[in-house]
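The block underneath contains the structure these notes are about, expressed in structure tokens.
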Amino acid sequence: MLPLLVLCLCGPAQLIAKQTPLSTARRTVSISGNGGQMFREEGVWNYSTMLLREDLGVVILGAREAIFALDLSNISQKKDMIKWQVTREMQDKCSHKGKSSEIECQNYIRILHKMADGRMYVCGTNAFSPTCDYLSYTDGRLTLENKREDGKGKCPFDPFQRHTSELVEPNFIGMEHIAEGEQSPEGDDDKIYLFFSETAVEYDSYSKLEVSRVARVCKSDMGGQRTLQRKWTSFVKARLDCPVDDSSLPFLIQDVFRFCPGDWKTCVFYAVFTPQAYTSQSSAVCAYSIADIRQVISEGKFKTPVPVETSFVKWVMYSGDVPFPRPGACINNEARDKGFSQSLDLPDKTLQFIRDRPLMDQAVQPISEHPLLIKQGAAFTRIVVASTVALDGSTYQVMFIGTENGSVLKVVNYNGHTVIIEEVQMFQPTEPVKTLRLSNRTLYAGSEVAAAQMPLSSCGQYRSCLDCVLARDPYCGWNLPTKLCTAVSSVYQDPHSDVIQSLTDGDSTNCPPIESSKAVNLSFLPGNTVKLLCRPGSNLARVEWQVDSRSVISSDAYQINQDGLLILNASAEASGFYTCRSVESSNSQDYVTGIASYELRLASGQACQSEDATVLLPQAQTTQNTVVALQIMVVLLSIMLAALVIWNFYKGHFSILGRRCTQEQEAEGGQESVRTLELLRPADGKIQREGSTSNSNNNHNRRSEGKNTAQQIT
């Protein structure tokens, strides 16, 4: 299941990175820290279908046996809810087929479409009996009209299957309508593009190998008169490649989004891919132009099956004559001039050809023949694309990609260099992102357990000019007069404005100098371990430590961690002025930010003192190092030894020693000493526990306290 990723790209021609390094998010934040909102209803699950109704100001959210109307600007505010539950009879019928009564035999809302009259068409799995109905939202109330229709062919039976499909063993991903027939001089028809993965027929393999596909169907396709009756006569498919070097098997498409900045000729399909059979730990993003897809399908050569030996079929390129009208082509003016005005008029020769040879020989390659992004870690699951205008007037496409660990990544590609701006944790890491929608600079996401929304940008989280500019977020810029990182709007789109934004270079040289942080005064005792806290400015930055202007490197005396510096077994030589700097590289330029500074000195008394209220040194007591561990072991062994001695006295195991001493005293004629010893022995012959044993234990306690005092750092 599935997270979220955002990728910004400058113009379709610059979509692809020249090199696609395995990327790391510059910053990691929670959804609450990014200005997001969350919605969940007790006892309701699977918030995976979403319809944005900007005209009504609501988000229609489909879940398991429930439909919600949520406030579009704040989805945590529920406006209304209706239940659509399966009947007991339908549930029993489903469970008798071997399905889970509590999980599969429920009604999962899978289809939500807006109709021309403002109503909505909604379909659910209905305990493996797909059913559809009409939904309306009026005066703040949701209403199901109870005009139930058979949903077979429209809605999947299985709640965990994404869509219904008549393809052979497919994993159907998405369907996009392209209005190619609008104002077409050739009289062309609109097209429907289908994206899916299926078992490959063109590879020689002993096991089933899956590949990604794109297929095209004409919108006005009515099927054939005799051949392909009530079936597509224009269905043509081609392999969809997203090449990743470290994978031996093709990556499989998981989601697709159509982005059209202008007319249909400018459309680009953005898709996310994941590996099959655990052949790689990476996910990828590839983009395909509508022109490249049309060229392969409309002008490319076909594959044809050729029998090999007795039972094996090999698919090879077809080199024979192609009939007219071209198989798979839509009815256009040329076809109409020949008397073919609809698919029912197509000759059997054309229909038989496309029935037997629906696969194209050439594969569709991504723009520039490379992925936009390759990233290791959680698998990508969903993708949507937004557009924004930066300070320099350039338009950038921003992709939001859901991931399997419930997070959102925000990525930018400038001049072939990919940078992930941030990762926003939308849901718990075990809850994948199942759906993504965009509306009015807001991103909406759904998962198994909740729905969430977040702004496309949260510029206020960047607290300094350097941080704001180095983020290279096309939505954000540093406002010099207000000293704030603000959202870039048309007001600031002026080369002479007081807002700083550098997207291609991340050039922060125009930022004002950063004021030095106040030094924290700390003192320590010899032999202690001291921890000085310092976190880098971002996940892409590194920290550098200096003491009295000398560089600090990891050694037996110093240990540099991600969150600070450990000074091990500190001595007088450890005293000095320590500074921590965050160093981040952008376009081969290093930008340095002072994070913290400490004045460390040897304590003059038996107790450590600090002149600063935010003393960090007590945290060193929790540091588990070798010296402290050995001291604790000595204390524990001493306590065990003392307990053993007390137990032996209590059991009388030392009485033999007393008798032996008595015999020696009698031999020397010391009768008075014998009486003294006998006074210390009780009537039962056991030695009392008030004597030297008790004193020994008290002395041990004092030694232990002394050792503990030596470990204290204040």
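Here the sequence shown stands for residues -17 to -1, 1 to 697, where the numbers follow mature numbering (1 follows the signal peptide of the UniProt record, and there is no 0). C-beta atoms are modelled at their ideal positions from N, C-alpha and C, and glycine is treated no differently.
Residue closest to S56, alpha-carbon to alpha-carbon, out of Q436, L551, S532, S485
The residue you call residue 56 lines up with position 73 of the sequence shown. Closest by alpha carbon: Q436.
Relative to the C-alpha of A99, which candidate in L44, D38, D133, N154 has its C-alpha closest?
Here residue 99 refers to the residue found at position 116 of the sequence shown. Distance from the Cα of A99 is smallest, within the candidate group L44, D38, D133, N154, for D38.
Taking just the CA atoms, how far does S491 sit from L449?
Position 466 of the sequence shown, counted from the first residue, corresponds to residue 449. Position 508 of the sequence shown, counted from the first residue, corresponds to residue 491. Roughly 6 Å between the two C-alpha positions.
I need the DSSP call for C88, collapsed to helix, strand or coil.
As a position in the sequence shown, residue 88 is number 105, starting the count at 1. The DSSP-derived three-state label of C88 is coil.
Would you mind sorting E498 into buried or exposed? The rule is 16 or more other CB atoms within 10 Å of its CB.
Position 515 of the sequence shown, counted from the first residue, corresponds to residue 498. Taking all protein chains in view, the Cβ of E498 is surrounded by fewer than 16 other Cβ atoms within 10 Å, so the residue is classified as exposed.
From the DSSP output, in three-state form, read off G123 for me.
Translated into positions along the sequence shown, residue 123 becomes position 140. Correct three-state label for G123: coil.
Rounded straight-line distance, which links the Cα of P233 to that of L223
As a working mapping, residue 223 is identified with position 240 in the sequence shown. As a working mapping, residue 233 is identified with position 250 in the sequence shown. So the two alpha carbons sit approximately 9 Å from each other.
Beta-bridge pairing of Q436 - partner residues as DSSP gives them
By one-based count along the sequence shown, residue 436 stands at place 453. In the DSSP output, where bridge partners are listed per residue, Q436 has Q20, Y427.
Compute the beta-carbon to beta-carbon distance between V407 and V391, rounded to the nearest angstrom, for a pair I have assumed lies under 8 Å.
Locating residue 407 in the sequence shown gives position 424, where the first residue counts as 1. Locating residue 391 in the sequence shown gives position 408, where the first residue counts as 1. Contact holds; Cβ gap of about 4 Å.
Decide if Q237 is buried, meaning its Cβ has at least 16 other Cβ atoms within 10 Å, or exposed.
The residue labelled residue 237 in the question sits at position 254 within the sequence shown. Q237 comes out buried.
Compare the beta carbon distance of P139 and E87 with 9 Å and say whether it is the shorter of the two.
Here residue 139 refers to the residue found at position 156 when the sequence shown is read from its first residue. Here residue 87 refers to the residue found at position 104 when the sequence shown is read from its first residue. Against a cut-off of 9 Å, the Cβ pair of E87 and P139 comes out as no contact.
Near E128, which residues of its chain fall below 6 Å by C-beta distance, leaving aside the five closest residues on each side in sequence?
In the sequence shown, counting from the first residue as 1, residue 128 sits at position 145. Answer for E128: Y117, listed in chain order.
Going by the DSSP bridge assignment, what does Q542 pair with across the sheet?
The residue given as residue 542 occupies position 559 in the sequence shown. DSSP lists L549 as partners of Q542.
If the criterion is Cβ atoms closer than 9 Å, does the pair C313 and D204 meet it?
Here residue 313 corresponds to residue number 330 of the sequence shown, with the count starting at 1. Here residue 204 corresponds to residue number 221 of the sequence shown, with the count starting at 1. One thing to note: C313 has its Cβ within 9 Å of the Cβ of D204.
Just to confirm my understanding: we take Q345, look at its own chain, exclude 5 residues before and 5 after, and list those with CB closer than 6 Å. What are they?
For this step, residue 345 is matched to residue 362 along the sequence shown. Taken in chain order, the residues that qualify are V279, G283.
Does the Cβ of Q89 have 16 or more other Cβ atoms within 10 Å, making it buried, or fewer, making it exposed?
As a position in the sequence shown, residue 89 is number 106, starting the count at 1. So Q89 counts as buried.
Comparing alpha-carbon positions, which option in C563, P290, Q411, I384 lies nearest N544?
Sequence index remark: in the sequence shown, residue 544 carries index 561 (1-based). Checked all of C563, P290, Q411, I384; the closest Cα to N544 is C563.
Residues bridged to F560 by DSSP?
The residue labelled residue 560 in the question sits at position 577 within the sequence shown. As computed with DSSP, F560 is found in a beta bridge with E582.
How is G157 classed by DSSP in three states: helix, strand or coil?
Position 174 of the sequence shown, counting from 1, holds the residue named residue 157. DSSP places G157 in strand when its eight states are reduced to three.
V255 to Y271, Cα distance in whole Å?
As a first step, residue 255 must be located in the sequence shown, where it is residue number 272. As a first step, residue 271 must be located in the sequence shown, where it is residue number 288. Cα to Cα, V255 sits roughly 11 Å from Y271.
Tell me whether D331 sits in a helix, a strand or coil according to DSSP, three-state version.
In the sequence shown, the residue the question calls residue 331 occupies position 348. Of the three classes helix, strand and coil, the one that applies to D331 here is helix, per DSSP.
At which residues does the beta strand (DSSP E) containing D63 begin and terminate?
For this step, residue 63 is matched to residue 80 along the sequence shown. Looking at the DSSP string, the run of the beta strand (DSSP E) that includes D63 is 61 to 66.
Run of the beta strand (DSSP E) containing D54, from where it starts to where it stops:
Here residue 54 refers to the residue found at position 71 when the sequence shown is read from its first residue. 49 to 54 is the span of the beta strand (DSSP E), which, as asked, contains D54.
Boundaries (first-last residue) of the alpha helix (DSSP H) holding Q74:
Along the sequence shown, read from residue 1 onward, the residue named residue 74 stands at position 91. The continuous alpha helix (DSSP H) containing Q74 extends over residues 71 to 78.
Own chain, CB closer than 6 Å to R584, minus 5 neighbours either side, in chain order:
As a first step, residue 584 must be located in the sequence shown, where it is residue number 601. If we look at R584 and ignore the five residues flanking it on each side, its Cβ neighbours are S506, S558.
Distance, Cα to Cα, residue 774 vs T287?
Nothing about residue 774 can be reported from this structure: the residues present for the chain run from -17 to 697 only.
In chain order, what residues of the same chain lie with their CB nearer than 7 Å to the CB of S554, ignoring the 5 residues before and after it?
Residue mapping note: residue 554 aligns to position 571 of the sequence shown, counting from 1. Closer than 7 Å at the Cβ level, and outside the excluded window around S554, lie P509.
Considering Cα atoms alone, identify which of V368, S580, S83 is closest to S532.
The residue labelled residue 532 in the question sits at position 549 within the sequence shown. The shortest Cα separation from S532 among V368, S580, S83 belongs to S580.
First and last residue of the alpha helix (DSSP H) that includes Q278?
In the sequence shown, the residue the question calls residue 278 occupies position 295. For Q278, the enclosing alpha helix (DSSP H) has its first and last residue at 273 to 282.
Leaving out five residues before and five after H160 in sequence, what residues of the same chain have Cβ atoms less than 7 Å from its Cβ?
Position 177 of the sequence shown, counted from the first residue, corresponds to residue 160. Excluding sequence neighbours, H160 sits near D173, I175.
Thinking C-beta only, is E163 closer than 9 Å to E317?
For the purposes of this step, residue 317 is identified with residue 334 of the sequence shown, where counting begins at 1. For the purposes of this step, residue 163 is identified with residue 180 of the sequence shown, where counting begins at 1. The answer is no: Cβ separation not under 9 Å.
According to DSSP, is S521 helix, strand or coil?
What you label residue 521 is simply residue 538 of the sequence shown in a count that begins at 1. Secondary structure at S521: coil, using DSSP grouped into helix, strand and coil.
Quick check on DSSP: helix, strand or coil for K634?
Numbered from 1 along the sequence shown, position 651 holds the residue referred to as residue 634. Correct three-state label for K634: helix.
Can you name, in chain order, every residue of its own chain whose Cβ lies under 6 Å from the Cβ of G311, other than the five neighbours on each side?
Mapped onto the sequence shown, residue 311 falls at position 328. These residues qualify, in order along the chain: S217, V219, I337.
Own chain partners of Q68 with C-beta closer than 7 Å, once the 5 adjacent residues on each side are dropped
The sequence position of residue 68 within the sequence shown is 85, counting from 1. Within the same chain, Q68 has close Cβ partners E48, N90.
Pull the bridge partners of C459 from the DSSP assignment, please.
Position 476 of the sequence shown, counted from the first residue, corresponds to residue 459. Listed as beta-bridge partners of C459 by DSSP are A470.
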